[in-house]
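Heads up, the thing below is written out as structure tokens.
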Amino acid sequence: MKKLLLLCCFLLCGCYNHKELNDLAICSAMGISYNDGEYDISLQIVNTSAFDQKTSSDNAVFYVYNEKGATVYEAIDKISKDLSKEITLTQLKIIVIDENAITDNLNSLVDFLMNDLEISLNVLVSTTLKSTPYDILSVVVPNNEINGTYLSNLIEVNNSNFGNSYLVDLSNFFVNYLTDYNNIILTNIELKHPNEGENNNDILKDTDSISQLFIDYPIVFNKDDVYKLSFDESIILNLVDNNINGNSLTFECDGGNFSVMIFKSKFGFDNFENNNIYLNGNISGTVNEYNCSYDLDESDTLKKLQDIIKKEIYKMIDSSFDNSKNIKIDFLGVGKYLHYNYPDVYKKIDDINTEISNFNVINKIDVSLSKQGNLRGDINE
Amino acid sequence: MNSKDVIKKLYELKKNMPDLLIKELNYGLFSTVYIVAFETVCSTDRINDFILKFFGNKRNSSKKNINIDKDLEEFVPGINKKPIKDFDNLLYFLFSGFTVIIHDSTILAYETRASIDRGVNPPTSEPVTRGPKDSFNENYNINLGLIRKRIKSKELVVNEITVGRESKSKVAVIYMENICDKNVASKIISDIESIDIDGVFDVNYIKELIRNQNYTFFPTMIVTEKPDDTSKNLVDGKIIVMMENSPEVLLLPTFFIDFFQNNEDYYRKPFFVSFVRIIRILSFFVSIILPALFLSLLTYDQEILPTTLLINFASQRNNIPFPTVVELLILLFVFEIIYEGDARTPSSSSTSLSILGALVLGDAAVNAGLISPIVVIVVAISSISSLLSVFQEMQTPIRFWRYTLLVFVLLFGIVGFSVGVTLLIINLCTVESYGKSYLSPFVPFDLKSQSNAVIRRNLRHLKYRKPYLSNNSIRKG
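Protein sequences appear in the order of chains H and A. In the numbering used here, each residue carries its 1-based index in the first sequence increased by 110. In the numbering used here, each residue carries its 1-based index in the second sequence increased by 2.
Written as structure tokens, this is what we have:
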């Protein structure tokens, strides 16, 4: 009898979270807007039958469902009612949050994201200033890819190759929200032609070889303040965060330009003394395009180019830091450095964003360049 | 022993044994000699040419002073002549193909065994691509000879035991006295001696009768029909159990790693062999865990899969009427049918059966929308992987654990999978083969033996015998 009861327990307790793939609505991206006290949730649901080789037709590879609700859950529940399947958020690739949702009601949003166990901590978090999350998620992307997958790849490529985006996943987002020495910095996704017609899908179906989405420079949020970084600031932000490896940067030289492929860079705050923060770094790169008048074959030409790069990076750091002081947002991570390395100093600071103007940055950068063969000088010979 | 009683008993036996021949001949002036043999196991030519020819000679049949023992010794050539002591002994020799000559109180047996065995053929259950292509057959002497001609050593011990109340089969425990662990040898001998059964007709009977009590489906003995493999194992320190009328021998003790090695490994380049061994071991685990892992990922833990792969799977499952587990079970069942059908079919028909089963059934089932292609792929990989094991005995644990893991996953998802795999490892760790750890040389770990476990080093570097197999650690090279 005991064995029978044990067997029953064994058999009855299983299978409770069993889900067949046919019964799941796979959500690849989520858009969150906040207007007039209500959340406006957009869910991008993958149309799996569009990938079925036997039945594939011109069906869209995804659909975007949109509903409003007092809470995020309520809005998602409303969307569920329209679907014959159970929504799963396990495969979310990106969450696009609009400005209002971050500045007006971030607490309850973070509460939802932290409590939902289905959402992976690796999901990228981004924002949009000029468009709405719904518009962003509705765009048909090249090669009939799923918009969510395309966007996450786009952000990663922009970050690793160009330094104009800033990679923030859900875990970073939570850390930035929960700590007072960090500001929330998010990648900004925008539409290239936001005013062309109301229904983007109709327009873009004809031109789907060209992406209608682009990655704009990162946005920094500080309470109600929203600041869009410039190209230089974005590069310095990524340099300080050691995200620049494999990026190409172009510098002006004697009447021309030259491009450097940075294959290794390492930056970090090194010391703090008398309100001076020392920023050390080194950059290694290769000159991969060269249109200057100096002869590259001469031994001191590379030194000259290294000096130009140093000077330019110093300028970029100084201007970024000055701007940080002006707008009173510490987006370069000075507060984080002091918090970890000089906790006594940090304790005396009320708000790092307002007191950032009291600090100065002293830079020390090493640049080592190498040249590739077959550049202009070699060909002229 | 009174010869009259013996003759009387033999005539009684003849009532139920029509193949028993009893020939009465005059020998000398006043005495009679009886020639007794089973025509089914004896060569009548040999009886005629050697024994009857002697007694048919008029000079012999009319002799006054006769001493049959001396006469036969003098005139009938035959190296294997045995004196008979009792009636049971007489019957044993009769059934073994001897011809018995009874004269007064003298009873002698001459070997006139008929050659009723097939010759030495290539192995059938262990196909050989390189190396010796002979295999054991049902003839005990030939089998022993196939080993003797490979190991010409005085240390090769053949310990013969008669097993079976009625069958009285000859079983031999063979080992290298200077190499093997003698405790294991004596344990095996005593195990075989303690067998009390009416008859044993193949070495697989012995395998079951002496099986040590392990709670496992993993085989703890290897059955092989290859003499080269057997000889290699003998010099490694293993003990062989051979039996008359059995074309296979048992290798003892057996370890988990043995099922992924064979003698052919020593006929190829070490690098290639190491690669193949890794593939064999991986395929063993793939074969067990793949269906369960697939079921777990598809029905419980979809978040583990990359999005594009999940979408691919989801698109394949559109409009499939069965749950994934039912799909898997249907296909595994179909595979079992094809496998059994193939095993029982003559080789000429098995190719068409494979094509019908694998291509037509699989393709038709997918096109009909009954089964998703990915399930066919999973079952196919799992099933083909199970065939990579060198010895057939591994099929049983593979099947048992494959279905056990499926049940665990069906009930508890990835947690059940982890528990199932843990149980599998625990089971493997607890198995013993004649007191030796089944997972040797990994558990307990032996560094020296690793050079010929998964990775095979060059033969020149294999200087030490396996310490877990042999008490004698003499260097080989």
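Ideal Cβ placement from N, Cα and C applies to all residues, glycine included. A quick note: this is a predicted structure, and the numbers were derived from the prediction, not measured.
Rounded C-beta distance between H:I294 and H:Y287? I'm assuming under 8 Å. For the purposes of this step, residue 294 of chain H is identified with residue 184 of the first sequence, where counting begins at 1. For the purposes of this step, residue 287 of chain H is identified with residue 177 of the first sequence, where counting begins at 1. That pair is a contact at about 6 Å.
Between the Cα of A:V288 and those of A:L355, A:I386, A:L471, spot the shortest distance and give me the residue it belongs to. Here residue 288 of chain A corresponds to residue number 286 of the second sequence, with the count starting at 1. Nearest option by C-alpha distance: A:I386.
Positions along the region 177-203 of chain H whose CB lies within less than 8 Å of some CB in chain A: T198, T200, Q201, K203
Cross-chain neighbours of A:G166 in chain H, by beta carbon under 7 Å: Stepping through the second sequence from its first residue, residue 166 of chain A is reached at position 164. Neighbours of A:G166 on chain H: none; closest Cβ ~40 Å, over 7 Å.
Minimum C-alpha distance to A:V2 - residue among A:T326, A:A366, A:R458, A:L355: This structure cannot speak to residue 2 of chain A, because chain A is shown only from 3 to 479.
Is A:F393 closer than 8 Å to A:F220 when the C-beta atoms are compared? Position 218 of the second sequence, counting from 1, holds the residue named residue 220 of chain A. Position 391 of the second sequence, counting from 1, holds the residue named residue 393 of chain A. No, they are not a contact pair.
Where A:P85 sits in the DSSP three-state scheme: Here residue 85 of chain A refers to the residue found at position 83 of the second sequence. The answer is strand: DSSP assigns A:P85 an E or B state.
Report yes or no: do three or more beta-carbon pairs, one from the region 175-185 of chain A and one from the region 139-158 of chain A, lie closer than 8 Å? yes
For chain H, find out if any of its Cβ atoms is closer than 8 Å to the Cβ of A:S317; answer yes or no. If you number the second sequence from 1, residue 317 of chain A lands on position 315. Cβ-Cβ to chain H under 8 Å: yes for A:S317.
Once you ignore the five residues that flank A:I259 on each side, which residues in its own chain have a CB closer than 6 Å to its CB? To locate residue 259 of chain A, count along the second sequence from 1; it is residue 257. Cβ within range, chain order: A455.
Could you check which residue in H:E196, H:E209, H:N436 has the C-alpha nearest to that of H:N468? On the first sequence, residue 468 of chain H is found 358 positions in, with the first residue counted as 1. Closest by alpha carbon: H:N436.
Is it true that the region 464-481 of chain H meets the region 320-331 of chain H, where meeting means three or more beta-carbon pairs spaced less than 8 Å apart? no
Can you look up H:D316 in the DSSP assignment and give me helix, strand or coil? Taking the first residue of the first sequence as position 1, residue 316 of chain H is located at position 206. In this prediction, H:D316 scores a pLDDT of 45, lower than 50, which makes its location untrustworthy; the coordinate-derived value is nonetheless stated afterwards. In the structure shown, H:D316 sits in a helix (DSSP, three-state: H, G or I).
Mind pulling the alpha helix (DSSP H) runs of 4 or more residues that sit fully within the region 339-414 of chain A? 349-356, 364-369, 375-388
In chain order, what residues of the region 149-164 of chain H put their CB closer than 7 Å to some CB of chain A? V156, T158, S159, F161, D162
Using CA coordinates, which residue listed in H:E148, H:E196, H:V206, H:K203 is at the minimum distance from H:A185? Position 75 of the first sequence, counting from 1, holds the residue named residue 185 of chain H. It is H:E148.
Identify the residues that DSSP records as bridge partners of H:D150: which are they? By 1-based counting over the first sequence, the position of residue 150 of chain H is 40. Answer is H:S143, H:K178.
Alpha carbon of H:K414 to alpha carbon of H:L359, nearest angstrom: The sequence position of residue 414 of chain H within the first sequence is 304, counting from 1. The sequence position of residue 359 of chain H within the first sequence is 249, counting from 1. Each residue's alpha carbon lies about 16 Å from the other.
What does the alpha-carbon distance come out to for the pair H:S190 and H:I197? Counted from its first residue, the first sequence places residue 190 of chain H at position 80. Counted from its first residue, the first sequence places residue 197 of chain H at position 87. Using only the alpha carbons, I get a separation of about 7 Å.
Three-state class that DSSP yields for H:T198 in the structure shown: Taking the first sequence and counting its residues from 1, the one referred to as residue 198 of chain H is at position 88. Strand, per DSSP.
Top-ranked residue by Cα proximity to A:Y302, from A:F414, A:I212, A:S354, A:F52: Here residue 302 of chain A refers to the residue found at position 300 of the second sequence. Of the candidates A:F414, A:I212, A:S354, A:F52, the one whose C-alpha sits nearest the C-alpha of A:Y302 is A:F414.
Quick check on A:Q215 - is its C-beta less than 8 Å from some C-beta in chain H? Along the second sequence, read from residue 1 onward, the residue named residue 215 of chain A stands at position 213. Output row for A:Q215: interface = no.
Do three or more CB pairs link the region 327-334 of chain A to the region 443-450 of chain A at distances below 8 Å? no
Could you check where the alpha helix (DSSP H) with A:A187 kicks off and where it finishes? For the purposes of this step, residue 187 of chain A is identified with residue 185 of the second sequence, where counting begins at 1. Unbroken alpha helix (DSSP H) run through A:A187: 184-195.
Under the DSSP definition of a beta bridge, which residues are partnered with A:M178? In the second sequence, residue 178 of chain A corresponds to position 176, counting from 1. DSSP lists A:L158 as partners of A:M178.
Beta-carbon proximity check, A:E113 vs A:N82, cutoff 8 Å: Here residue 113 of chain A refers to the residue found at position 111 of the second sequence. Here residue 82 of chain A refers to the residue found at position 80 of the second sequence. Yes.
For the alpha helix (DSSP H) holding H:I423, just list the boundary residues, first then last. Taking the first sequence and counting its residues from 1, the one referred to as residue 423 of chain H is at position 313. Run containing H:I423: 411-437, per the alpha helix (DSSP H) assignment.
Buried or exposed by the 16-neighbour rule on C-beta atoms within 10 Å, applied to H:G307: Sequence index remark: in the first sequence, residue 307 of chain H carries index 197 (1-based). The predicted position of H:G307 is uncertain, since its pLDDT is 47 and thus under 50; a value taken from the coordinates is nonetheless stated next. Exposed.
For the region 288-302 of chain A, enumerate the residues whose C-beta is nearer than 8 Å to any C-beta of chain H, in chain order. L300, T301, Y302
Whose Cβ in chain H lies nearer than 7 Å to the Cβ of A:T309? Taking the second sequence and counting its residues from 1, one reaches residue 309 of chain A at position 307. Under the 7 Å cutoff, chain H gives S138, Q201, K203, T259.
Does H:L131 come within less than 8 Å of chain A when only Cβ atoms are used? The sequence position of residue 131 of chain H within the first sequence is 21, counting from 1. Yes - at least one Cβ of chain A is within 8 Å of the one on H:L131.
Just to confirm the assignment, what range does the beta strand (DSSP E) spanning H:D440 have? Looking up residue 440 of chain H in the first sequence gives position 330. Segment: none, H:D440 is in no beta strand (DSSP E) and carries neither H nor E.
Our contact map puts H:I136 next to H:I155 with C-beta atoms below 8 Å; I'd like the distance itself, whole angstroms only. For the purposes of this step, residue 136 of chain H is taken as residue 26 along the first sequence, with counting starting at 1. For the purposes of this step, residue 155 of chain H is taken as residue 45 along the first sequence, with counting starting at 1. About 7 Å separates the two Cβ atoms, so the contact holds.
Contact set for H:K315: own chain, Cβ-Cβ below 7 Å, skip 5 residues either direction: Start at 1 with the first residue of the first sequence, and residue 315 of chain H comes out as number 205. Bear in mind that a pLDDT of 48 at H:K315, under 50, signals an unreliable position, so the model cannot answer this.
Using a C-beta cutoff of 8 Å, does H:L127 count as contacting chain A? By 1-based counting over the first sequence, the position of residue 127 of chain H is 17. It should be pointed out that residue 127 of chain H corresponds to Asn in this sequence rather than to Leu. True, the Cβ-Cβ gap to chain A drops below 8 Å.
On the DSSP bridge assignment, give the partners of H:Y173 in chain order. Numbered from its first residue, the first sequence carries residue 173 of chain H at position 63. Answer is H:I155, bridged to H:Y173.
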